[in-house]
Amino acid sequence: MTDSPDDVAAVLAAEDRRYRAMVDGDLAALEELLAAGLCYTHSSGVRDTRDEYLAKLRAGYYVYRRAEHPVERVEVSGDAAVVVGRMSADVDVDGVPKRIDSLALAVWTRADGSWQLLAYGPTPPPG
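Below is the structure:
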């Protein structure tokens, strides 16, 4: 894999912007950051497309109260990037408060010069 410091910084900035938009309910920012072919897997195992995820956010099905995403590493290869880390969040799911602590893998793709989230997958931490 080839890591350009500029590409790594741009992916980290996009990842920060995505989490901030989730907590702020900034759907316009999320629409820019989510790729058309997005596969978003939730900690429950439910998968959403981009349109399904955005519709659930619009309807208030998911309301993020807090979300943190410590990053362990970023690998960039051409127009693809993988972010390995965690996701810790307080989120209301269909009105029910949940606390999430997951290992996380985010796949980003570069389209027209900007980075967009193509896939997200959480998994429970060991132990």
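Numbering-wise (the numbering used here), the sequence shown opens with residue 1 and increments by one.
Glycine included, C-beta positions come from ideal geometry on N, C-alpha and C.
Query - Span of the alpha helix (DSSP H), counted from its first residue to its last, around Ala29 - result: Judged by DSSP secondary structure, Ala29 falls within the alpha helix (DSSP H) whose first and last residues are 27-33.
Query raised in the report: Grouping DSSP H, G and I as helix and E and B as strand, with all else coil, what is Val11?
Result: It is helical.
Report task. Output yes or no for whether 9 Å exceeds the beta carbon distance between Leu105 and Ala35. Result -> No, these two residues do not count as a Cβ contact at 9 Å.
Query raised in the report: DSSP puts Glu75 in a beta bridge; with which residues?
Result: Beta bridge pairing from DSSP links Glu75 with Val82.
Query raised in the report: CA-CA distance, Pro160 and Ser102?
Result: One cannot answer for residue 160 here, as it falls past the ends of the chain, which runs 1 to 127.
Query raised in the report: Along the chain, where does the beta strand (DSSP E) that runs through Tyr120 open and close?
Result: Its beta strand (DSSP E) spans residues 114-123.
Query raised in the report: Under three-state DSSP, which class holds Pro5?
Result: Secondary structure of Pro5 (DSSP, three-state): helix.
Query raised in the report: Which residue's Cα is closest to the Cα of Ala130: Arg20, His42, Asp112, Gly127?
Result: Absent from the model: residue 130. The displayed extent of the chain is 1 to 127, so no value can be given.
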